[in-house]
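One rule links them: number in the UniProt record's numbering = place in the sequence shown (from 1) + 414. Where is the CB? At the ideal position from N, CA and C, for every residue including glycine. Everything below concerns the one structure shown next.
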Amino acid sequence: AKQDGRNTFRFFEPAMDAALQRRRRLEHDLRNAIRKHQLYLDYQPQFGLSHGDLTGYEALVRWWHPVEGEIPPSTFLPIAEETGLIVPLGEWILKTACTYALGWPPETKLAVNLSPAQFKTQDVYALVRRVLMETGLEPERLELEITEGTILQNTDAVIETLTKLDQLGVSIAMDDFGTGYSSLSYLTRFPVKKIKIDRSFIDTLGSNPQTSAIVSSIVGLGQSLDVTITAEGVETEGQAAMLKHWGCDQVQGYYYGRPEAEVPSDPLEDIPLDA
Ligand code: C2E
Ligand code: CA
Ligand code: CA
Ligand code: CA
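What follows is the structure in structure tokens.
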């Protein structure tokens, strides 16, 4: 009924109308894609920086559209979030990733992203518990990546959900750290085990002294709070060397490994770990 209501407006400029039409079409196609297996997951490796050991993989959703080809998550996830399709999509992602991770060595962790909309529209704790039971993946192997956007909304309910997940053995990572508006006080109220420094800071390491100061401070914060620090978007040897010098715990990025649809049987081959 909401959609029909919007349809009755006819004040759009032609360009805006075209954008809206594409969006409607994508929404329709996404609904089908979830059923028709046009979606798949890539997995990007994460490494411990001091020993170069593989610690886990982050699952990243992909959509190969039959006509348009690859559509980036930054295009289709907002549509999924606004239409509620994120609920079946999020469930498919979690189930598919947990099932795939069963084939990995037992110490290898799986990181799965959750969007703020999932916390608004469903009982995330119930979902995670059910998927872990159905797949048989140990809760200790699952890490859920949330953003400050999730923390900011509906805080009491989110605290309760995250606390129950923590008690279940699932760990919580704060994604895109440093980009959202927030006070750091949530770190004392939420069971956050890991902080992922946003790629935008790593990008300018070396060229901008201010980001160096920020990144090294976040690494220091992690050490005093006993929170694991992961740097994401590491692309160069120089960035890796700086992060190692400061004592950053983990790294993820094209320098170490791109997201791939299949996890190689010997993931440590060909990876430059002695930066
Ligand atoms: P994110 O969670 O911050 O994921 C990291 C993004 O950085 C991924 O983009 C990844 O492909 C990219 N990346 C990794 N290493 C490098 C690097 O060295 N250089 C550069 N330039 N990029 C790198 P992607 O796959 O396009 O995902 C974009 C965002 O979409 C993700 O950001 C996440 O917020 C969201 N997303 C992706 N998959 C899922 C999912 O399954 N569920 C949910 N809720 N969100 C997802
Ligand atoms: Ca992430
Ligand atoms: Ca991130
Ligand atoms: Ca991001």
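Item	Value
DSSP bridge partner residues for Met588 (one or two, in chain order)	Ile560 and Ile609
For Phe461, the three-state DSSP class (helix, strand or coil)	strand
Residue range of the unbroken beta strand (DSSP E) whose run includes Val475	Leu468 to His479
DSSP three-state assignment for Ser529, whether helix, strand or coil	coil
Coil, strand or helix - Gly483 by DSSP	strand
Rounded straight-line distance, which links the Cα of Thr602 to that of Leu468	29 Å
8 Å Cβ shell around Gly652 - same chain, five flanking residues per side excluded	Leu619 and Gly620
Lys416 in three-state terms, based on DSSP	The predicted position of Lys416 is uncertain, since its pLDDT is 41 and thus under 50; no value can be drawn from it.
Any non-hydrogen atom of ligand 2 within 7 Å of residue 394 CB	The structure shown does not extend to residue 394, since the chain is modelled only from 415 through 689, so no value can be given for it.
Close beta carbons around Glu674, own chain, < 7 Å, minus the five adjacent residues each side	Asp456 and Tyr457
Distance cut 5 Å, beta-carbon to ligand 1 heavy atom: residue list by chain order	Leu474, Val475, Pro487, Ile507, Asn527, Ser529, Gly647, Glu649, Gly667, Tyr668 and Pro673
Inter-residue CB distance, Pro530 and Gly504 (contact presumed, cutoff 8 Å)	Between Gly504 and Pro530 the Cβ distance is about 11 Å, and since that is not below 8 Å, they are no contact.
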